[in-house]
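In full-length UniProt numbering, the protein residues as written are 1 to 453.
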């Protein structure tokens, strides 16, 4: 540990009024966890790290006794920032260690390993994450949007947007003070649903920033008397919340690796989407591994209420159900735009570290094996018949969590890349979640069947 650097950081934090540091890590479900540490003890959480009971953390698989029962989160001091929405407190991100070694089932360590694989090629994955979420209030019938937010098609509604300006202003100011660079806010396609866009970053920082966004939004919403929710689809008749990834590769000089250049000659198959051959191979890897990636990108039972085919109350669905890509096509899982790929599969419940790690692993497999993504689809997939989709080779994404978990378990290439430890824990938890849900008897079932037979 650089003692001078540590003391400098403590002095800077103290001058900004920081008294406590929230030492934060992310569990396998994508939830922020951690503990408060007085600023004077910042060095303790750099080495040996903040100590936690390993088996008390979702997805570690650690025993209840012995040297491997302790989980140590070591602070990455490059992430140390005051939390403007919580005066007197700062946040630092932890990397998981067990028995003195990087822990292979820590989501941030999993992403670190994939980032290192890219770095070995001289590449950086830049990712712009677009969080959609619901702002809800508690009423007599549970949580719902504010009473005045009732339009059938509320996309870009200015009135509801401005009624939420107190929350949005506090959130934007806090995120900008943390360096995220908010540049756009809108009302989304469901009542009570919003989206905040901020600047892209390299994959690791993008995941860290997303967790910071969630922490800020939860706290500010509570102070405003609201519930901030990233449940993928809280209302059956309304669209769900996605977490689209805008992906691009840059080389060590900052050049766009996905951009079609003079040396690339014509794009294969007359595709003319402005992408380099390497970008097509990366895309081929994403599409090839899409069934397994679905488990990481749509990780809850509720996620598949969003991914299923069908119309919403507002008249459209923005969630992909079919594996394909196309020029600015929002009806398939990958939308190609200028020098980048929009990966539309993730929803707002995704663990950003695991989802991004999976994307990198799949893309690198596509590059290493020169996988071809096939022809682009530049038609509305939802308007096609089943026969037309079959003729174009458009496969359906897994339609429930059980099938998605099974696809991840069966994907040996992705398992090897991400690590068997994290995949085993993830599949075990998600398979159990699916079984528990499948055994649950809902009010819909009793209302439909109790007196029928």
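Every residue, glycine too, gets a C-beta built ideally from N, C-alpha and C. From a predicted model like this one, the values you see are computed outputs, not experimental measurements.
**Message:** I'd like to check one pair, residue 109 with residue 96: are the Cβ atoms closer than 7 Å?
**Reply:** Remark: C-beta atoms of residue 96 and residue 109 approach each other more closely than 7 Å.
**Request:** Please determine, among 29, 78 and 53, the residue with the shortest C-alpha to C-alpha distance to residue 46.
**Result:** For the residues 29, 78 and 53, the minimum Cα distance to residue 46 belongs to 78.
**Request:** Could you check how far apart the C-beta atoms of residue 345 and residue 332 are, in whole angstroms? I think they sit under 8 Å.
**Result:** That belief does not hold up - the Cβ atoms of residue 345 and residue 332 are roughly 10 Å apart, past 8 Å.
**Prompt:** For the segment 285-300 against the segment 399-418, are there 3 or more C-beta pairs whose distance is under 8 Å?
**Reply:** Taking 8 Å as the limit for Cβ pairs, the verdict is that the segment 399-418 does touch the segment 285-300.
**Message:** Using a 10 Å radius around the Cβ and a threshold of 16 neighbouring Cβ atoms, would you call residue 446 buried or exposed?
**Reply:** By the neighbour-count criterion, in which a residue is buried when 16 or more other Cβ atoms sit within 10 angstroms of its Cβ, residue 446 is exposed.
**Request:** Below 6 Å CB to CB, which residues in the same chain sit around residue 180 once its five sequence neighbours on both sides are set aside?
**Result:** The beta carbon of residue 180 sits closer than 6 Å to the beta carbons of 198 and 209 from its chain, once the five residues preceding and following it are set aside; these are given in chain order.
**Message:** Please give me, in chain order, every unbroken run of the alpha helix (DSSP H) with length at least 4 that falls completely inside the segment 90-171.
**Reply:** If we require 4 residues or more, the alpha helix (DSSP H) runs fully inside the segment 90-171 come out as 107-120 and 158-163.
**Prompt:** Can we say the segment 114-128 touches the segment 353-361, given the rule of at least three CB pairs closer than 8 Å?
**Reply:** Taking 8 Å as the limit for Cβ pairs, the verdict is that the segment 353-361 does touch the segment 114-128.
**Request:** Use the C-beta contact count for residue 12: other C-beta atoms within 10 angstroms, 16 or more gives buried, fewer gives exposed.
**Result:** Exposed is the call here.
**Prompt:** Do you know how far the Cα of residue 427 is from the Cα of residue 401?
**Reply:** Straight-line spacing of the CA atoms in residue 401 and residue 427 works out to 10 Å.
**Asked** Between residue 25 and residue 176, what straight-line distance do the alpha-carbon atoms span, to the nearest angstrom?
**Response** When rounded, the separation of the alpha-carbon atoms in residue 25 and residue 176 is 22 Å.
**Asked** In its own chain, which residues sit with a C-beta less than 8 Å from the C-beta of residue 31, not counting the 5 before and 5 after it?
**Response** Excluding residues within five positions, the ones whose Cβ falls inside 8 Å are 58.
**Message:** Please state the DSSP three-state secondary structure of residue 225.
**Reply:** Coil.
**Asked** Beta-carbon separation of residue 64 and residue 55 under 7 Å?
**Response** The Cβ-Cβ distance between residue 64 and residue 55 falls below 7 Å.
**Prompt:** Secondary structure at residue 195, three-state DSSP: helix, strand or coil?
**Reply:** In the displayed model, residue 195 falls within a strand according to three-state DSSP.
**Message:** The beta strand (DSSP E) that contains residue 277, what's its start and end?
**Reply:** Taken as a continuous stretch (DSSP letters only), residue 277 belongs to no beta strand (DSSP E), being part of the alpha helix (DSSP H) at 277-288.
**Request:** Count the other CB atoms, across all protein chains shown, that sit within 10 Å of the CB of residue 131; report buried if there are 16 or more and exposed otherwise.
**Result:** Under this definition residue 131 is a buried residue.
**Asked** Does the separation of the CB atoms of residue 300 and residue 349 fall below 7 Å?
**Response** It is a contact, given that the beta carbons lie within the stated cut-off.
**Message:** Quick check on the burial criterion: 16 or more other C-beta atoms within 10 angstroms. Buried or exposed for residue 164?
**Reply:** Label assigned to residue 164: buried.
**Message:** Let's test the definition: count the other Cβ atoms within 10 Å of the Cβ of residue 37 and tell me whether it reaches 16, buried, or not, exposed.
**Reply:** Counting Cβ neighbours within 10 Å, residue 37 comes out buried, since at least 16 surround it.
**Request:** For the alpha helix (DSSP H) containing residue 401, list its first residue and its last residue.
**Result:** Residues 401-410.
**Item:** Alpha-carbon to alpha-carbon, residue 195 and residue 156
**Value:** Rounded to whole angstroms, residue 156 and residue 195 show a C-alpha spacing of 10 Å.
**Message:** For residue 398, count the other beta carbons within 10 Å of its own beta carbon; 16 or more makes it buried, fewer makes it exposed. Which is it?
**Reply:** Classification of residue 398: buried, given that the 10 Å Cβ count is 16 or more.
**Request:** Report the three-state DSSP secondary structure of residue 304 (helix, strand or coil).
**Result:** The answer is helix: DSSP assigns residue 304 an H, G or I state.
**Prompt:** Closest by CA to residue 424, which one among 193, 449 and 405?
**Reply:** Measuring from the Cα of residue 424, the nearest candidate turns out to be 405.
**Asked** Hey, out of 35, 39, 230 and 43, whose CA is closest to residue 4's CA?
**Response** Minimum Cα distance to residue 4 is reached at 43.
**Message:** Determine whether the beta carbon atoms of residue 85 and residue 185 lie at a separation below 7 Å.
**Reply:** Cβ distance not < 7 Å, so residue 85 and residue 185 don't count as in contact.
**Item:** DSSP-derived helix/strand/coil call for residue 237
**Value:** If DSSP states are grouped into helix, strand and coil, residue 237 belongs with coil.
**Message:** By alpha-carbon positions, which one of 227, 228, 278 and 190 ends up nearest to residue 238?
**Reply:** Between residue 238 and the set 227, 228, 278 and 190, the nearest pair of CA atoms involves 190.
**Message:** Our contact map puts residue 295 next to residue 307 with C-beta atoms below 8 Å; I'd like the distance itself, whole angstroms only.
**Reply:** Distance from residue 295 to residue 307 at the Cβ level is roughly 12 Å; contact not present, criterion being Cβ atoms closer than 8 Å.
**Message:** Counting C-beta neighbours from all protein chains within 10 Å, is the total for residue 93 16 or more, i.e. buried, or is it exposed?
**Reply:** Counting Cβ neighbours within 10 Å, residue 93 comes out buried, since at least 16 surround it.
**Run of the alpha helix (DSSP H) containing residue 364, from where it starts to where it stops** = 352-368 is the extent of the alpha helix (DSSP H) around residue 364.
**Request:** Could you spell out the range, first to last residue, of the beta strand (DSSP E) harbouring residue 184?
**Result:** 182-187 is the span of the beta strand (DSSP E), which, as asked, contains residue 184.
**Asked** Can you name the residues that DSSP bridges to residue 33?
**Response** Partner residues in the beta bridge of residue 33, as assigned by DSSP, are 25.
**Three-state class that DSSP yields for residue 57 in the structure shown** = Residue 57: coil per DSSP, three-state reduction.
**Item:** Distance, residue 124 Cα to residue 206 Cα
**Value:** Cα to Cα, the separation comes out at about 12 Å.
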